[in-house]
Amino acid sequence: MRTPATRREPGGELIKRVAPLETVSRGTNPCIQRASATTNRNKGSFETERRARLEPTGAAEGMTVDEPATDQIARREPECFVVTLIVNSQTRSVAIDSRTSLLDLLRERLALTGAKKGCDHGQCGACTVHLDGRRVVSCLVPAVQADGRAVTTIEGLLGPSGELHPMQQSFVEHDALQCGYCTPGQIMSAVACVEEGHAGTPDQIREYMSGNICRCGAYTGIVTAIEDAARKMRRT
Ligand code: FES
Ligand code: FES
5 MRTPATRREP GGELIKRVAP LETVSRGTNP CIQRASATTN RNKGSFETER
55 RARLEPTGAA EGMTVDEPAT DQIARREPEC FVVTLIVNSQ TRSVAIDSRT
105 SLLDLLRERL ALTGAKKGCD HGQCGACTVH LDGRRVVSCL VPAVQADGRA
155 VTTIEGLLGP SGELHPMQQS FVEHDALQCG YCTPGQIMSA VACVEEGHAG
205 TPDQIREYMS GNICRCGAYT GIVTAIEDAA RKMRRT
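All letters in the sequence shown, in the order written, are residues 5 to 240 by the working numbering.
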């Protein structure tokens, strides 16, 4: 006798019956294929087990499965470029893989580890450097785009005798940091913020520094330090 597809419970709820495993086509259901392979393995069917392992899961019998695109991408040779940058007033030429970010070039090829890798997604500002005098998040800038351009990192802010930049000095004086991980990015952004003319009031500073996240929450000190440094930078 056939089992009805549905039945009604005493409360009136309609219950849908699930078809017994044997009634579902083995060829179209990957879960059934795997279940069947397990059953046959228990019976000692080596061939079924081997096929279950070798066949891509999810493929119905007789289907052609293309190789995954990621496999093809992994095999593609990266392109190589030689880029020449003026980094902190020094000309540097480096051969790089075309996929290298400016941040990785600075940190891993030029040993300039001041710029930090926080999120690597353009969201925290820890990697901020200046490119032709404008602040950029270097994790989002392809290094090839910086070819022939001037890059300034936190290491390049020091004066000729190694003295701190007024912004660095102000961060120290106002205790504008805790762990310090965000600090190089904060300082590079703060210098640009002042030079852009966006450090007139605490509110303006907060607005134009909003791309720089401080996980330690040292924002009060940071805003005070920028206000103070802005006054000193305007005098010089
Ligand atoms: Fe570049 Fe966070 S590491 S924005
Ligand atoms: Fe720790 Fe800003 S001082 S993240």
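Don't be surprised by glycine CBs; every beta carbon is placed ideally from N, CA and C.
Straight-line Cα distance separating residue j from residue i
i    : j    : result
S193 : E81  : 36 Å
T104 : Q190 : 23 Å
E200 : I100 : 32 Å
S214 : G204 : 15 Å
L168 : T224 : 21 Å
Reduced DSSP secondary structure (H/G/I, E/B, other) of residue i
i    : result
S214 : coil
C183 : coil
M171 : helix
C128 : coil
T95  : strand
D101 : strand
P188 : helix
V145 : coil
T117 : coil
L109 : helix
T10  : Because the pLDDT at T10 is just 48, under 50, the model does not fix this residue reliably, and the point stays unresolved.
L161 : helix
C220 : coil
Near ligand 1: residue i beta-carbon under 7 Å from a heavy atom
i    : result
C131 : yes
H134 : no
C220 : no
Q127 : yes
G152 : no
D108 : no
G122 : yes
C186 : no
V145 : no
V155 : no
V140 : no
Contact under 8 Å by Cβ, residue i with residue j
i    : j    : result
R219 : C186 : yes
D136 : A119 : no
L107 : S142 : yes
Nearest candidate by alpha-carbon position, reference residue i, set the options
i    : options                  : result
M171 : L89, A222, T88 and T228  : T228
G184 : S174, V98 and A222       : A222
A147 : R96, C123, G129 and L162 : R96
G160 : K236, L116 and A150      : L116
A234 : C131, F175 and C123      : F175
Check: residue i C-beta below 7 Å from any heavy atom of ligand 2
i    : result
Q182 : yes
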